[in-house]
Amino acid sequence: MAASMQTFSRVCSTKHPIKELIRWQITKCSALDRHKNGVHTSCRLLADVIPETFEQKTENKAEKISKAMRLYMERAKNYNSMIDKEIDEYEVGKRHLANIMGEDPDSFNQDDIDRAIKYLLPSGLFEKRARPQMKHPYEVFPQRKEALFGKDGRPHHYQFYTGKPNYHGLLHDINMKYEHLNATETELYKNGKMAEEEDKKLFLHGFQWIDHKTLTKQLIEEISPQEYNRFVLVLHRLLKHKLSYKEEEFLLKYSKKVMTMSQFRSIEKPLIDSDGREYSEATGRRKTSNATVTVYNNGSGQISINGQDLAYFKDIHQREQLLFPLQLVNKIDKVDIVATVEGGGSSGQTGAIRLALAHALCSFVDTDSIERLRLAGLLTKDPRTRERKKPGQPGARKKPTWKRR
């Protein structure tokens, strides 16, 4: 064994430099009789055992990557050519449809196409997706992602190995913005300037987050309902931050404006009396009570109910109920109120005055305030009335006391 090692060291030192030692391999022959001949050793190059070198592996890997890129480019080329062909056919069909309808092809938009298809090909199918339609190819064929990796095999996106890089990248961006707002808030507290920022909090009234289908279309990824709920949760947390107004543009990117019920209401314009003051008048009902309320703008907060002040109602809860619409739109001590009410009890009169007051205030506030009044239920008449007594029992629901005898 010692002689073999000497021979190995002599060969390495005379024929091959030290940097080539890593390419040599010592092999042991266990087939020989160790008791008689000892352990036989020999040296040979790794290239003799493994014909594929590291450089060859690297070349094969690069070749595989180039094949993947070539395959992607071929698919992308086929997809683009198909889309271009469909767009050309769509434009030709749109011009033919415009000529049939006798309209200008250049100003013929998608709404005109839908109306023409509905007129020329009427259908009684209840499922709208089964009816004849003619949409732009971008709406019919799903979009495809661009190449997620380069020619060297390196992914472009840092969230590539999550499987959904666009989705997880979006969540990461939202959380980074939230952390940045936290750092800004801490700095403002240190400098004593946070009080100036608290009144600038963002409120997205009349907006709602984009739906699941729209998010999937934007990210070009399959998003599960649980992942969509998580997306809405982190967006809502960002919106609730005290400094959320700094990210208003980002939040509006993932929200859409909706038509509120208050936008469909016909708001009466304020009238002007002989003294030049603006006023608005409205009526309200609750149970058997009828109320008429006149609200004067730019007042001092005077309240008159049948010639008396707010002490007309003895119960403190009824007074708070009456002032709630003013508090909600921040009009306390800013308007004068003259109310006349008749019939019913104190609770019915309070409800009638409050309903009329809320309707009268709509003439002096903006759309967002009207929506807050609607959501609070102040613009809706309360239909509840006293339930009649039933014959054969002491009350409307109460049954007679059961007696054994």
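In case it helps, UniProt numbering puts the sequence shown at residues 1 to 405. We put the beta carbon where it would ideally sit given N, CA and C, even for glycine. Bear in mind that the values here come from a model prediction, so they are computed numbers and not experimental data.
Item to check | Identity of the residue in Tyr167, Leu97, Asn191 nearest Asn229 by Cα | outcome: Translated into positions along the sequence shown, residue 229 becomes position 229. That would be Tyr167, whose Cα lies nearest to the Cα of Asn229.
Item to check | Any 3 or more C-beta pairs closer than 8 Å across the region 380-392 and the region 315-329 | outcome: As far as the Cβ criterion goes, the region 380-392 does not touch the region 315-329, which means the pair count is below three.
Next on the checklist: Can you list, in chain order, the residues of its chain with a C-beta nearer than 8 Å to that of Pro394? Leave out the 5 residues immediately preceding and following it.
Outcome noted: As a working mapping, residue 394 is identified with position 394 in the sequence shown. Pro400.
Next on the checklist: What would DSSP say about Lys15, mapped onto helix, strand or coil?
Outcome noted: Within the sequence shown, numbered from 1, the residue matching residue 15 stands at position 15. Reliability fails at Lys15, whose pLDDT of 45 lies under 50, so the model's placement of it is uncertain and the value that follows must be treated cautiously. The DSSP-derived three-state label of Lys15 is helix.
Checklist entry - Within 10 angstroms of its Cβ, does Ala339 collect 16 or more other Cβ (buried), or is it exposed? => result The count along the sequence shown starts at 1 and reaches residue 339 at position 339. Counting the other Cβ atoms within 10 Å of the Cβ of Ala339 gives 16 or more, which makes it buried.
Next on the checklist: Using a 10 Å radius around the Cβ and a threshold of 16 neighbouring Cβ atoms, would you call Ala358 buried or exposed?
Outcome noted: As a working mapping, residue 358 is identified with position 358 in the sequence shown. By the 10 Å Cβ count, Ala358 comes out buried.
Checklist entry - So, do the region 295-309 and the region 370-384 have three or more beta carbon pairs nearer to each other than 8 Å? => result Fewer than three beta-carbon pairs drawn from the region 295-309 and the region 370-384 are found closer than 8 Å, and the two stretches are therefore not classed as touching.
Item to check | N- and C-terminal bounds of the alpha helix (DSSP H) containing Ala116 | outcome: Within the sequence shown, numbered from 1, the residue matching residue 116 stands at position 116. Annotation: the continuous alpha helix (DSSP H) that includes Ala116 extends over 110-120.
Checklist entry - Considering Ser300, what are the terminal residues of the beta strand (DSSP E) in which it resides? => result For this step, residue 300 is matched to residue 300 along the sequence shown. Taken as a continuous stretch (DSSP letters only), Ser300 belongs to no beta strand (DSSP E), as it is neither H nor E.
Checklist entry - To the nearest angstrom, how far is it from the Cα of Gly351 to the Cα of Tyr245? => result Within the sequence shown, the letter at position 351 stands for residue 351. Within the sequence shown, the letter at position 245 stands for residue 245. The C-alpha of Gly351 lies about 37 Å from the C-alpha of Tyr245.
Checklist entry - Which residues bound the alpha helix (DSSP H) around Ser107? => result Counting from one through the sequence shown, the residue named residue 107 turns up at place 107. Per DSSP, Ser107 lies in no alpha helix (DSSP H) and is assigned neither H nor E.
Item to check | Backbone CA spacing between Gly392 and Phe324 [nearest angstrom] | outcome: Here residue 392 refers to the residue found at position 392 when the sequence shown is read from its first residue. Here residue 324 refers to the residue found at position 324 when the sequence shown is read from its first residue. Take the alpha-carbon of Gly392 and the one of Phe324: they are about 42 Å apart.
Item to check | Ile305 in three-state terms, based on DSSP | outcome: Position 305 of the sequence shown, counted from the start, is the residue given in the question as residue 305. Reduced to three states, the DSSP call for Ile305 is strand.
Checklist entry - Going by alpha carbons, who is nearest to Leu233 out of Asp333, Leu328, Tyr178, Tyr158? => result Along the sequence shown, read from residue 1 onward, the residue named residue 233 stands at position 233. Measuring from the Cα of Leu233, the nearest candidate turns out to be Tyr178.
Next on the checklist: Once the 5 residues before and after Ile100 are set aside, which same chain residues still bring their CB inside 8 Å of it?
Outcome noted: In the sequence shown, counting from the first residue as 1, residue 100 sits at position 100. Within the same chain, Ile100 has close Cβ partners Ala116, Leu120.
Next on the checklist: Our contact map puts His172 next to Pro165 with C-beta atoms below 8 Å; I'd like the distance itself, whole angstroms only.
Outcome noted: As a position in the sequence shown, residue 172 is number 172, starting the count at 1. As a position in the sequence shown, residue 165 is number 165, starting the count at 1. Wrong, their Cβ atoms sit about 10 Å apart, outside the cutoff.
Checklist entry - Would you say Leu125 and Ile113 are within 8 Å of each other, going by their C-beta atoms? => result Counting from 1 along the sequence shown, the entry for residue 125 is found at position 125. Counting from 1 along the sequence shown, the entry for residue 113 is found at position 113. No, Cβ-Cβ distance for Leu125 and Ile113 is not below 8 Å.
Next on the checklist: Between the alpha carbons of Leu379 and Ser266, how many angstroms are there, rounded?
Outcome noted: Indexing the sequence shown from 1 puts residue 379 at position 379. Indexing the sequence shown from 1 puts residue 266 at position 266. Spanning the two alpha carbons is a distance of roughly 13 Å.
Checklist entry - How is the alpha helix (DSSP H) around Ile174 delimited, first residue to last? => result The residue you call residue 174 lines up with position 174 of the sequence shown. Unbroken alpha helix (DSSP H) run through Ile174: 165-191.
Item to check | CA nearest to the CA of Glu249, picked from Tyr161, Lys217, Leu204 | outcome: Stepping through the sequence shown from its first residue, residue 249 is reached at position 249. Among Tyr161, Lys217, Leu204, the Cα nearest to that of Glu249 belongs to Leu204.
Next on the checklist: According to DSSP, is Tyr312 part of a helix, a strand, or is it coil?
Outcome noted: Position 312 of the sequence shown, counting from 1, holds the residue named residue 312. Tyr312 falls in the helix class under three-state DSSP.
Item to check | Separation of Thr162 from Leu252, as counted between CA atoms | outcome: Counting from 1 along the sequence shown, the entry for residue 252 is found at position 252. Counting from 1 along the sequence shown, the entry for residue 162 is found at position 162. Roughly 27 Å separates the two Cα atoms.
Next on the checklist: My output table needs one value for Ile337: the three-state DSSP class, helix, strand or coil.
Outcome noted: On the sequence shown, position 337 is the one that residue 337 refers to. Strand.
Next on the checklist: If distances are taken between C-alpha atoms only, which option among Lys256, Arg286, Tyr296 comes closest to Asp273?
Outcome noted: Counted from its first residue, the sequence shown places residue 273 at position 273. Closest option to Asp273, Cα to Cα, is Tyr296.
Item to check | Val293 (DSSP reduced to helix, strand or coil) | outcome: The residue labelled residue 293 in the question sits at position 293 within the sequence shown. DSSP places Val293 in strand when its eight states are reduced to three.
Item to check | Cβ-Cβ distance between Gly284 and Asp336 below 8 Å | outcome: In the sequence shown, the residue the question calls residue 284 occupies position 284. In the sequence shown, the residue the question calls residue 336 occupies position 336. Asp336 is positioned such that its CB atom lies no closer than 8 Å to that of Gly284.
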